[in-house]
Each structure stands twice: as structure tokens, then as C-alpha cells.
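Residue numbers (full-length UniProt numbering): 1 to 276. Quick notes on the structure that follows.
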Amino acid sequence: MTALDVPVCPSYDTLVAQVRAGALGPDPATQRIAVAFTTRQAVRHDGRGTGYRNEVLSLCLAEAVGSCAVEPGSLPDGALDDCVGADVARLLEHPLAPVRVAALDAYLMHVLPHTPEHGALAVPLPAGSSLVKSRARAKTVVGLLDLPAGATVLVVGVVNSLLEALRARGLRYVPCDLKGGTTEWGEPVLTDALGAAGRCDAFLVSGMTLGNGTFEPLRGHALAHGRQLVMFAQTGSAVLPRFLGHGVSAVCAEPYPFFWLDGGPGAVHCYPGGER
Numbered sequence: 001m002t003a004l005d006v007p008v009c010p011s012y013d014t015l016v017a018q019v020r021a022g023a024l025g026p027d028p029a030t031q032r033i034a035v036a037f038t039t040r041q042a043v044r045h046d047g048r049g050t051g052y053r054n055e056v057l058s059l060c061l062a063e064a065v066g067s068c069a070v071e072p073g074s075l076p077d078g079a080l081d082d083c084v085g086a087d088v089a090r091l092l093e094h095p096l097a098p099v100r101v102a103a104l105d106a107y108l109m110h111v112l113p114h115t116p117e118h119g120a121l122a123v124p125l126p127a128g129s130s131l132v133k134s135r136a137r138a139k140t141v142v143g144l145l146d147l148p149a150g151a152t153v154l155v156v157g158v159v160n161s162l163l164e165a166l167r168a169r170g171l172r173y174v175p176c177d178l179k180g181g182t183t184e185w186g187e188p189v190l191t192d193a194l195g196a197a198g199r200c201d202a203f204l205v206s207g208m209t210l211g212n213g214t215f216e217p218l219r220g221h222a223l224a225h226g227r228q229l230v231m232f233a234q235t236g237s238a239v240l241p242r243f244l245g246h247g248v249s250a251v252c253a254e255p256y257p258f259f260w261l262d263g264g265p266g267a268v269h270c271y272p273g274g275e276r
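Given below as C-alpha cells:
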């Protein structure tokens with residue numbers, strides 16, 4: 001299979017329907033999750049005035065791991081028990097969106113892993129501190145934007161290293177996050193990303209939007225208005241490349257284990273878009 005042969009889908013619901021029908025691989029009713037786990041992180045980098053917390057649900061299917069970030073503390077204790085031993089088809093109908101997204105991601109990581117044959121380009125991350133690796137990832141992500149200096153980027157899911165990399169490129173940005181607050185530089189963080197989209201030239205969006213239901217409106221807006229939409233994805237890293245050419249311009253995919261889990265070298269997997 002070449003990159004041009006890799007399936008893409010016009011919407012999230014269509015993708016889920018194709019997986020349920022076995023159109024992209026084995027019947028999901030025959031694919032069982034062996035291990036379910038959560039990863040919790042708290043961080044405050046040297047030289048930064050603020051810190052943050054992350055929590056991610058991950059599901060193991062054979063050699064693949066699918067993940068979906070959640071708001072820290074929001075995942076019920078019984079969610080892991082629901083997932084272990086369950087088949088993917090059942091989990092695609094789970095009442096919790098993060099479980100559905102993690103199950104879809106695990107299935108697609110299993111059948112369409114991040115390899116050159118599936119359109120992915122591995123980009124190494126250096127060994128070093130979490131901040132060193134975060135900045136290296138940010139430079140790669142921002143490099144997927146094709147914009148002149150002075151353009152304005154809607155950033156959905158505020159990561160200070162990404163804002164720093166945009167500044168270095170001479171790009172302006174509008175930071176958005178459902179948590180609100182302020183950036184490292186005291187800039188207000190908006191909570192209504194779609195409301196701010198009309199004044200931006202391109203969108204740089206976290207995969208977390210899959211889990212909170214805001215991805216499809218943003219993808220639809222980008223498609224309707226001809227805006228670049230670049231995704232940076234720990235959540236749904238194998239899901240988002242399926243929308244290239246259907247509103248998504250490029251993806252920086254980062255499956256588990258994430259860069260912040262150790263100080264050794266790592267990699268992200270870029271899907272730079274273009275003709276499919």
C-alpha cells in the first residue's frame with residue numbers, strides 16, 4: 001500500500017461507520033483490548049511561570065496503543081474495567097467519548113500504523129529534558145504551517161512551546177482552550193475557538209478536540225473557508241491522518257509513549273498533506 005492508497009474519510013462519523021463495517025481491516029468485534037491504563041502528569045518547566053497537568057486514557061490492542069486525553073480527574077474509576085477484555089466494536093458504542101476515541105485510535109494504530117507505507121514521515125526528537133523535547137516537537141509542528149510572517153494562527157489547546165515557536169516564525173496567534181486562563185506571557189486564553197476562527201489565517205489544533213467534541217466543527221469551518229488545519233495529536237494520532245484532504249492539511253502524530261514520559265530520544269510522525 002502506498003501513501004496514495006491510504007484511506008481517508010470525509011467525516012468522523014463516516015470513519016467510525018467504516019471501522020464498524022470492517023471496511024478498513026478486521027471486524028472490530030473480533031479485536032479485544034488486552035490492557036487499559038491511564039497516565040497522569042504534572043509539570044512545571046524551569047524558567048516557566050506556570051505549570052499544568054495531563055491525564056490520558058490508553059488502550060492496548062495487540063502491538064498498538066490508542067490514546068485519548070481527558071480533563072484530569074474526570075474519568076470514572078470504572079472506565080478501565082469497562083475496557084479490559086472488551087472488543088473494539090463494543091467500545092465504539094461506549095457512553096464515554098474518551099473511551100470511544102481511544103478504542104478507535106487503538107484499532108487504527110493496529111491496521112494503519114505510522115509507517116512510510118501509510119504516508120508517515122518519522123521526525124526524531126532529541127534526548128533531553130521535557131522542555132528540550134517539547135520545544136523540538138513544537139518546531140516540527142509549526143513547520144507544517146505554510147504561512148508568511150505576520151499571519152494569524154488560531155491555536156486550540158494552548159502549549160507554551162508552540163506559542164514560542166510561532167513567535168519565532170513571526171506568526172501571530174489567538175490562543176484558545178476550554179480551561180481559559182492566560183498564556184505564559186499574560187495573554188488571555190479564549191474559550192470559544194469557533195467564534196475566533198473567522199479572524200485567523202490557519203488553525204493549529206490539539207487532538208484533544210476529538211475527545212471533547214470540538215474537532216468536527218473546526219474541521220468543517222476549515223474546509224468551508226479554505227483554511228489550513230494542522231493537527232498535533234497525542235490523542236487520536238492514528239485517527240486524524242484519515243481526514244487529510246477533508247479539512248485537515250497536515251498532522252503531527254505522537255502515539256504512546258509520549259515525549260514527556262522519559263528523557264531519551266523519541267520521534268513524532270508527520271503527515272505533511274498534499275495530494276492524496
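Cβ atoms here follow ideal geometry from the backbone N, Cα and C, with glycine treated the same way.
DSSP lists 172 as the bridge partner or partners of residue 152. Under the DSSP assignment, residue 125 falls in the beta strand (DSSP E) whose first and last residues are 121 to 125. Around the beta carbon of residue 92, 16 or more other beta carbons lie within 10 angstroms, which makes this residue buried. Burial state of residue 63 is exposed, judged by a 10 Å Cβ sphere holding fewer than 16 other Cβ atoms.
Rounded to whole angstroms, the Cβ separation of residue 219 and residue 258 is 23 Å, and the two are not in contact under 8 Å.
Straight across, the Cα-Cα distance linking residue 102 with residue 262 is about 22 Å.
Nearest in C-alpha terms to residue 30, of all of 89, 171, 190, 80, is 89. In this structure, residue 80 places its C-beta atom within 7 Å of the C-beta atom of residue 36.
DSSP, reduced to helix, strand and coil, places residue 12 within a helical segment of the structure shown. Per DSSP, the beta bridge partners of residue 269 are 122, 253.
The DSSP-derived three-state label of residue 37 is strand.
In terms of Cβ geometry, residue 176 and residue 149 do not form a close pair [threshold 7 Å]. According to the DSSP assignment, residue 23 belongs to no beta strand (DSSP E), since it is labelled neither H nor E.
The closest CA to that of residue 144, considering only 252, 260, 18, 265, is found on 252. Boundaries of the alpha helix (DSSP H) around residue 195: 193 to 196. Around the beta carbon of residue 76, fewer than 16 other beta carbons sit within 10 angstroms, so the residue counts as exposed. Residue pairing from DSSP places residue 66 in a beta bridge opposite 59.
Between the stretch 154 to 163 and the stretch 199 to 210, the count of C-beta pairs closer than 8 Å reaches three or more; the two stretches touch. Distance from the Cα of residue 212 is smallest, within the candidate group 179, 187, 225, for 179. With respect to the 7 Å criterion, residue 154 and residue 122 are not classified as neighbours on the basis of their beta carbons. If you check the CB distance, residue 142 and residue 120 do not come in under 7 Å.
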